[in-house]
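Take a look at the structure below.
Numbering (full-length UniProt numbering), first residue to last: 1 to 127.
So this is what it looks like as structure tokens:
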């Protein structure tokens, strides 16, 4: 009877200790659709004073938004003038979850703002 010899190779992209430090956090819209995957928790990023939105500095953060453009920009009167917001909404329920103030293209702006209260780590909020 012939002998069967097999070789197994285990491939890892990074040691276990290195992967533990780089966790991704998924955030969901109130309807349950995932809208944001972020390299840190939202509680660890700065808050905007004008409206309480969380500020994602695009040069520093790694994230993925699952959104669509909400249409025309919205103009808001602020203390120091008028702010033009390019809003992004949930692909399922159309709730506005994020916006930018300089560019209508996701991540092309210096900052992306996540609307206060629009996302949660809990997927089952609608139940």
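We treat Cβ as the ideally placed atom computed from N, Cα and C, and that holds for glycine.
**Prompt:** How many angstroms separate the CA atom of residue 72 from the CA atom of residue 91?
**Reply:** Counting from one through the chain shown, the residue named residue 72 turns up at place 72. Counting from one through the chain shown, the residue named residue 91 turns up at place 91. If you take the alpha carbons of residue 72 and residue 91, they lie about 16 Å apart.
**Extent of the continuous beta strand (DSSP E) run through residue 83** = Counting from 1 along the chain shown, the entry for residue 83 is found at position 83. Counting along the chain, the beta strand (DSSP E) containing residue 83 begins and ends at 81-90.
**Residue nearest to residue 41 in terms of C-alpha spacing, selected from 28, 50, 51, 33** = Taking the chain shown and counting its residues from 1, one reaches residue 41 at position 41. Considering only alpha carbons, the answer is 28.
**Prompt:** Quick one: complete beta strand (DSSP E) runs, 3+ long, within the UniProt domain "STEEP1" (22-124)?
**Reply:** The qualifying runs are 25-29, 34-38, 54-57, 63-65, 67-69, 74-78, 81-90, 96-100, 111-114.
**Prompt:** Rounded C-beta distance between residue 47 and residue 57? I'm assuming under 8 Å.
**Reply:** Stepping through the chain shown from its first residue, residue 47 is reached at position 47. Stepping through the chain shown from its first residue, residue 57 is reached at position 57. Between residue 47 and residue 57, the beta carbon gap of about 13 Å keeps them out of contact (Cβ cut-off 8 Å).
**Prompt:** How many Å lie between residue 127 and residue 105 at the Cα?
**Reply:** As a first step, residue 127 is located in the chain shown; it is residue number 127 there, counting from the start. As a first step, residue 105 is located in the chain shown; it is residue number 105 there, counting from the start. Any reading at residue 127 is ruled out, since the residue's pLDDT is 48, under 50, leaving its predicted position unreliable.
**Asked** Cα-Cα, which of 88, 61, 62, 75 is closest to residue 35?
**Response** In the chain shown, residue 35 corresponds to position 35, counting from 1. Of the candidates 88, 61, 62, 75, 88 places its Cα closest to the Cα of residue 35.
**Item:** Beta-carbon contacts of residue 100 that lie in its chain and below 6 Å, excluding the five residues immediately before and after
**Value:** In the chain shown, the residue the question calls residue 100 occupies position 100. Only 86, 109, 112 meet the Cβ criterion.
**Asked** With a Cβ-Cβ cutoff of 7 Å, do residue 32 and residue 116 count as a contact?
**Response** Here residue 32 is taken as the residue at index 32 of the chain shown, counted from 1. Here residue 116 is taken as the residue at index 116 of the chain shown, counted from 1. When the beta-carbon positions are compared, residue 32 and residue 116 stay at least 7 Å from each other.
**Request:** Rounded to whole angstroms, what's the CA-CA distance from residue 23 to residue 43? Just pull it up for me.
**Result:** As a position in the chain shown, residue 23 is number 23, starting the count at 1. As a position in the chain shown, residue 43 is number 43, starting the count at 1. The alpha-carbon atoms of residue 23 and residue 43 are separated by roughly 14 Å.
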